[in-house]
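Numbering (mature numbering (1 follows the signal peptide of the UniProt record, and there is no 0)), first residue to last: -22 to -1, 1 to 608.
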């Protein structure tokens, strides 16, 4: 076994030594969505597993990748759910480093902000690559802040959340029945309804391959297959966005199989185009899944599925081929994680030199890696209204794995106590034999190492999520007595200004060290301008809003009320009005939020902020220093 692993390193090192001399490779990174570890025949040739999810799937193209390149048997996602896994891939960093929100089911309003957390496409672009992203984005929804254009992609066509495959809509409350497909520049695409998403993205990728002539390219293809809804590509194109086969049924598995086989056939189209363009041999191609399988997937021989930190939720297929560099038929049994793929891409493109020296990445270059006993960590912290409130942590060191699970008590509270499990994966891949009691010394060693890992990797000052519990993962409450909603110390930050029908009445909007300033003109109609932030609040801990504001009026100005906005996830509730002074001086206001009927429901998600006064006549200048909770 030792000699075999050494030979793998030699193979990769010999390839890596040629990077600097050879023409930069084209790179295609393909990401399936919720594909099971046991779904591909290269990982499960006898289609073992539980019925009905063990029916074979014919994937000749992906099988050829395993034969022509390297197949990793111990590769892991950085998270058991979609969004944090993708954040880790694109930033080459643990989601734990991006703040508490990044480990939860849903993200902050802005998601991964490019200026704070740059992504690999930005560095590849600096290295001279043409860059494109076609697929499920899911790392942020702010057009100029966290969409692909901000992250270094020249061309893109994305959905930000899962939609129907023919009707590109979903049931999210912010969708409002509109297509959720967006193209370069952030424009909504409405003329592709009825076309299967996999067809659309494959066509875009092939066009990009054919059109990119004088520079290497990087194409990121985060497919939505086989994530629900389970919709047969042969279905009527008018199939509703939320229709499809039921998961965990024979029919559901049949449709799931057809979807994966359809994906494989479209990967074949991309390979064909590469060969026709003479680019196949010098293209590094990577295929993996964002996390473990779900519903109709086959996760054999692993325990549990997506959402969980048992192996079925985080161990995923990983195939990599580069005909001119990687020896065909290689099988690598060493442990690896998603950020390794990111760093490997940068190394292959000779783009690591563009990564700032003070930017710590959490992966290694797989072509040059010599490490045998690596350590990884995972955290699953679901605050969410859409989630199952599952909270887990896991730590891997060499062959050993520690899992910690917290009990959910209801009402957004978790027990400070937890269940711990210890497994030796080389002997017990199915995690059936808990060794915690029989090996107390090893258990204590793992707990100590895990604490040390968290102290180094977990963000101690989360940029978005409130401190429901300390950032090291215990159930202990935070000692913070105040929560800043916005203070503009970093400019606009996560604050948003909703102008509605009054865009032409809101002038001179400026963010600076002294706060926000703007001018409101008379004649406003409809909804008053709202300065707000989407957030989640521990309403049992905070009950008062602290606001510092200055209002300057002209003679004859007629002003309406100002209110603290409190609207929970269903957009219901009662904003809280307060009296303010319009004398051109700074004033501190304290508002009792318990007056709002929405306050106790607000823990999930909603808007918190300031409803600025409606200007009926005249004009007014408003300055805001901060809004906090206590």
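Backbone N, C-alpha and C fix where the C-beta goes; we use that ideal spot for every residue, glycine too.
Using 10 angstroms around the beta-carbon of residue 24, count the other beta-carbons present and answer buried if the total reaches 16, otherwise exposed. exposed
Using only the alpha-carbon positions, how far apart do residue 490 and residue 598 sit? 19 Å
Tell me, please, which residues DSSP counts as bridged to residue 107. In the DSSP output, where bridge partners are listed per residue, residue 107 has none listed.
Can you check the region 3 to 56 for any beta strand (DSSP E) of at least 3 residues that lies completely inside it and give the ranges in chain order? 4 to 10, 48 to 54
Residue closest to residue 18, alpha-carbon to alpha-carbon, out of 6, 7, 50, 5: 50
From 535, 528, 531, 544, pick the residue whose C-alpha is nearest to that of residue 521; which is it? 544
Residue 564, buried or exposed, once every other Cβ within 10 Å from all chains shown has been counted against 16: exposed
Residue 218 burial status per 10 Å Cβ neighbour count (16 or more: buried): exposed
Taking its Cβ as the centre, do 16 or more other Cβ atoms sit within 10 Å of residue 404, making it buried, or is it exposed? exposed
With a threshold of 6 Å on Cβ separation, who are the neighbours of residue 27 within its own chain once the five nearest residues in sequence on each side are excluded? 16, 276, 278
Mark residue 303 as exposed unless 16 or more other C-beta atoms lie within 10 angstroms of its C-beta, in which case mark it buried. buried
Cβ of residue 141 within 6 Å of any heavy atom in the ligand NAD? In the structure on display, the ligand NAD does not appear, and there are no ligands present to speak of.
Taking 7 Å as the cut-off, decide whether the C-beta atoms of residue 269 and residue 427 are in contact. no
Going by the CB atoms, is the gap between residue 128 and residue 92 shorter than 7 Å? yes
Inside the region 289 to 349 only - alpha helix (DSSP H) runs reaching at least 4 residues: 289 to 292, 316 to 326
State buried or exposed for residue 487, treating a residue as buried only when at least 16 other CB atoms are found within 10 Å of its CB. exposed
Nearest to residue 388 by alpha carbon, out of 382, 530, 369, 166? 369
Where residue 181 sits in the DSSP three-state scheme: helix
Distance, Cα to Cα, residue 419 vs residue 311? 27 Å
Using 8 Å for Cβ pairs, my map puts residue 6 next to residue 263. What's the rounded Cβ distance? 5 Å
Short of 6 Å in beta carbon distance, which residues of its chain neighbour residue 238, apart from the five on each side in sequence? Order them along the chain. 35, 204
Any C-beta of chain C under 7 Å from that of residue 272: Absence of chain C from the displayed structure is noted, only one protein chain being present.
Grab me the residues of residue -14's own chain with a C-beta within less than 6 Å of its C-beta, minus the 5 sequence neighbours each way, in chain order. Below a pLDDT of 50, predicted positions are generally treated as unreliable, and residue -14, at 48, falls in that range; no measurement from the model is reported.
Are the CB atoms of residue 133 and residue 162 nearer to each other than 7 Å? yes
Does the separation of the CB atoms of residue 58 and residue 286 fall below 7 Å? yes
For the region 233 to 270, which segments carrying the beta strand (DSSP E) assignment without a break, of at least 3 residues, lie completely within its bounds, in sequence order? 261 to 267
Beta-carbon separation (whole angstroms), residue 230 vs residue 252, contact threshold 8 Å: Not quite, the Cβ-Cβ distance comes to about 34 Å (not below 8 Å), so this is no contact.
Enumerate in chain order the residues of its own chain whose CB-to-CB distance from residue 224 is below 7 Å, with the five nearest sequence positions on each side excluded. 230
Is the Cβ-Cβ distance between residue 240 and residue 274 less than 7 Å? no
For a test of the three-state rule: what should DSSP assign to residue 129, helix, strand or coil? helix
Given a cut-off of 7 Å, decide if residue 372 and residue 392 are closer than it, judged by their beta-carbon atoms. no
Which of the three DSSP states is assigned to residue 594 in this structure? strand
Helix, strand or coil for residue 149 per DSSP? coil
For residue 89 and residue 118, which I take to be in contact (beta-carbon distance under 8 Å), what is that distance rounded to the nearest angstrom? 2 Å
Would the beta-carbon of residue 524 fall within 7 Å of that of residue 606? yes
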